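K.L.:
Numbering (the working numbering), first residue to last: 496 to 953. For glycine and all other residues, C-beta sits at the position ideal for the given N, C-alpha and C. None of the values given here were measured: they were computed from a predicted structure. The structure's right below; bear with me while I get my questions together.
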């Protein structure tokens with residue numbers, strides 16, 4: 496069958512799309528009591544943490560509560576198969592994977608492409624109409640095309656939202672656009688940019704860019720702090736979108752119900768502040784809580800439950816170290832509070848760059864529900880909602896860029912009680928994970944020759 500004919504076949508799968516949207520809307524709207532909780536007891540698991548043999552960078556930090564880090568190792572009892580199902584040099588540094596039909600996924604790549612991937616191992620040509628992105632191919636760069644989110648009404652309107660770094664004359668920033676996805680013609684139509692982050696900066700790092708719709712149909716957008724000495728402090732300044740999670744409507748305007756609407760000195764699109772490098776965002780299918788993962792510096796990667804109006808502390812508190820420093824309290828050097836400011840604002844004083852005053856806990860600043868040290872560099876995340884592997888039901892799966900593994904977290908009452916790693920020894924940075932309609936997990940790698948792994952029941 497010709498490639499074009501295959502995409503026509505996929506385009507016709509409205510029943511599959513219906514199932515996707517029902518699944519998506521259910522997982523967004525479900526609340527505790529609508530599902531039977533799975534018994535995630537760790538009685539039969541080893542008590543040794545999965546990374547017990549590695550020393551952390553911030554080993555001198557003490558957790559704020561028992562179980563905040565290094566949870567017991569878990570072992571899946573169901574026979575599992577890990578299989579590489581695709582690899583191609585045409586899939587350059589893939590960033591996000593979303594299922595749009597029974598046998599069809601859409602994948603974004605950092606170099607600025609979107610492609611369709613079929614479960615018959617067919618990779619389409621690039622989708623036409625994707626706007627230009629600010630991309631840098633140098634090693635260590637984070638710039639490019641990021642996440643894709645399906646509109647809650649995707650079944651009927653075929654609208655998608657996507658995030659990317661946008662180059663401007665005064666630097667570059669995160670942007671969000673929306674468009675109509677034409678599957679049969681492999682193109683984006685009616686592309687409209689709806690949001691730009693504030694404070695453009697030079698450099699190619701820490702944009703954030705994860706997109707998730709809430710049950711009311713509003714869009715969460717994660718924005719990184721850009722990882723610059725002169726930008727870390729902006730995560731605390733409420734007139735900046737850097738280091739924040741935002742909540743906007745489908746036209747990019749502040750969403751109704753945001754905690755800072757009408758308050759002088761606050762951006763009305765801000766939902767929470769004090770965020771560093773947020774790359775994972777997903778709703779718990781039972782509790783309806785919004786979970787987020789973010790990179791710390793050297794040590795202190797975090798798992799948070801996101802609640803409106805909360806300050807998550809960065810860069811005033813952290814369980815990690817600044818790059819280039821061996822002092823565990825050297826992270827926010829040069830960051831100073833502006834006297835008399837309200838809301839409180841901070842600035843960067845280069846003359847005081849060696850002043851060290853970081854702590855891991857402070858009243859009024861939220862603690863992570865879990866942190867990793869040594870780091871895993873968490874990428875995309877997803878909750879397992881299928882009954883295919885019953886012991887995984889409602890578990891959180893986290894991609895590890897630095898760990899080069901997929902990590903399973905068992906949660907109970909908002910705490911991690913078990914941790915398990917998959918895709919070990921593959922030698923690839925795990926970027927994003929999606930649960931397919933077949934109950935399998937599909938994982939993409941952040942590599943020049945992009946790979947796709949499938950994890951399923953044997």
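Would you mind listing the beta strand (DSSP E) stretches within the region 589 to 649 that are 3+ residues and don't spill past its ends, in chain order?
P.N.:
List check, beta strand (DSSP E) in window: 589 to 596, 599 to 604, 608 to 613, 640 to 645.
K.L.:
Where residue 649 and residue 930 are concerned, what is the direct C-alpha to C-alpha distance, given to the nearest angstrom?
P.N.:
Taking the straight line from one Cα to the other gives about 18 angstroms.
K.L.:
Which stretch, first to last residue, makes up the beta strand (DSSP E) that contains residue 917?
P.N.:
Looking at the DSSP string, the run of the beta strand (DSSP E) that includes residue 917 is 910 to 917.
K.L.:
Where does the unbroken beta strand (DSSP E) through residue 873 begin, and where does it stop?
P.N.:
Run containing residue 873: 873 to 878, per the beta strand (DSSP E) assignment.
K.L.:
Just verifying my parser: in three-state terms, what is the DSSP assignment at residue 508?
P.N.:
Any answer about residue 508 is weak, because its pLDDT of 43 lies below 50 and its placement is not dependable; what the coordinates show is given next. In this structure, residue 508 counts as coil in the three-state DSSP scheme.
K.L.:
Note down the Cα distance separating residue 943 from residue 836, rounded to an integer number of angstroms.
P.N.:
So the alpha carbons of these two residues sit roughly 46 angstroms apart.
K.L.:
Would you call the region 693 to 702 and the region 636 to 647 in contact, with 3 or more CB pairs under 8 angstroms?
P.N.:
Contact between the region 693 to 702 and the region 636 to 647 is present, because at least three Cβ pairs lie under 8 angstroms.
K.L.:
Which stretch, first to last residue, makes up the beta strand (DSSP E) that contains residue 902?
P.N.:
Taken as a continuous stretch (DSSP letters only), the beta strand (DSSP E) holding residue 902 covers 901 to 907.
K.L.:
Just list the residues that DSSP pairs residue 708 with in beta bridges.
P.N.:
Note: residue 708 sits in a beta bridge opposite 714.
K.L.:
Hey, out of 614, 682, 610, whose CA is closest to residue 620's CA?
P.N.:
Ranking the options by Cα distance to residue 620, first place goes to 610.
K.L.:
Buried or exposed: where does residue 953 fall if 16 or more other Cβ atoms within 10 Å of its Cβ makes it buried?
P.N.:
Exposed, by the Cβ-count rule.
K.L.:
Could you say which of 773, 622, 706, 708 lies nearest to residue 720 if we only look at CA atoms?
P.N.:
Per the Cα distances, 773.
K.L.:
With three or more C-beta pairs closer than 8 angstroms as the rule, is the region 788 to 800 touching the region 751 to 759?
P.N.:
Cβ pair count under 8 angstroms is below three, so no.
K.L.:
Measure the Cβ-Cβ separation of residue 910 and residue 580 and say whether it is below 7 angstroms.
P.N.:
Going by C-beta atoms, residue 910 is not nearer than 7 angstroms to residue 580.
K.L.:
Taking only the alpha-carbon atoms, compute the straight-line gap between residue 739 and residue 708 and give it to the nearest angstrom.
P.N.:
Cα to Cα, the separation comes out at about 16 angstroms.
K.L.:
Using three-state DSSP, classify residue 934 as helix, strand or coil.
P.N.:
In this structure, residue 934 counts as coil in the three-state DSSP scheme.
K.L.:
Using alpha carbons as the reference points, say which of 640, 662, 685, 680 lies closest to residue 654.
P.N.:
Per the Cα distances, 685.
K.L.:
Applying the 10 Å Cβ sphere with the 16-neighbour rule, what's the burial state of residue 764?
P.N.:
So residue 764 counts as buried.
K.L.:
Can you tell me whether residue 920 is buried or exposed, with buried defined as 16 or more other CB within 10 angstroms of its CB?
P.N.:
So residue 920 counts as exposed.
K.L.:
What is the DSSP secondary structure of residue 953, counted as helix, strand or coil?
P.N.:
It is coil, neither helix nor strand.
K.L.:
For residue 773, which beta-bridge partners are listed by DSSP?
P.N.:
DSSP, once it has assigned bridges, lists 789 as partnering residue 773.
K.L.:
Check whether the Cβ atoms of residue 468 and residue 803 sit closer than 7 angstroms, and answer yes or no.
P.N.:
The question about residue 468 has no answer here: the residues shown for the chain are numbered 496 through 953.
K.L.:
Leaving out five residues on either side along the sequence, give the residues of the same chain with a beta carbon under 7 angstroms from the beta carbon of residue 531.
P.N.:
Per-residue confidence for residue 531 stands at a pLDDT of 35, beneath the threshold of 50, marking its modelled position as unreliable; no derived number is given.
K.L.:
Going by beta carbon distance, what residues of the same chain come within less than 8 angstroms of residue 876, once the five residues before and after it are set aside?
P.N.:
Within the same chain, residue 876 has close Cβ partners 775, 776, 777, 786, 788, 891, 892, 893, 894, 928.
K.L.:
CB residue 630 to CB residue 606, shorter than 7 angstroms?
P.N.:
Contact flag set, yes.
K.L.:
Give the DSSP bridge partners of residue 927, in chain order.
P.N.:
Paired residues: 939.
K.L.:
Any idea if residue 661 is buried or exposed, counting beta-carbon neighbours within 10 angstroms, 16 or more meaning buried?
P.N.:
By the 10 Å Cβ count, residue 661 comes out buried.
K.L.:
Is the distance from the Cβ of residue 872 to the Cβ of residue 896 below 7 angstroms?
P.N.:
Their beta carbons are under 7 angstroms apart, which means residue 872 touches residue 896 by this criterion.
K.L.:
Using the DSSP secondary-structure output, state which residues sit across from residue 691 in a beta bridge.
P.N.:
DSSP lists 670 as partners of residue 691.
K.L.:
Select from 564, 558, 557, 556 the residue whose C-alpha is nearest the C-alpha of residue 912.
P.N.:
Looking at the Cα atoms, 564 is the closest of the given residues.
K.L.:
Where do the ends of the beta strand (DSSP E) carrying residue 832 lie?
P.N.:
Taken as a continuous stretch (DSSP letters only), the beta strand (DSSP E) holding residue 832 covers 830 to 832.
K.L.:
Given this structure, state the Cα-to-Cα distance separating residue 585 from residue 926, to the nearest angstrom.
P.N.:
Distance between the alpha carbons of residue 585 and residue 926 is about 17 angstroms.
K.L.:
Nearest-angstrom Cα distance between residue 596 and residue 645?
P.N.:
Those two C-alpha atoms are separated by around 12 angstroms.
K.L.:
Say the cut is 6 angstroms; is the CB of residue 562 nearer than that to a heavy atom of the ligand COA?
P.N.:
For the ligand COA, the structure offers nothing, since it holds no ligand at all.
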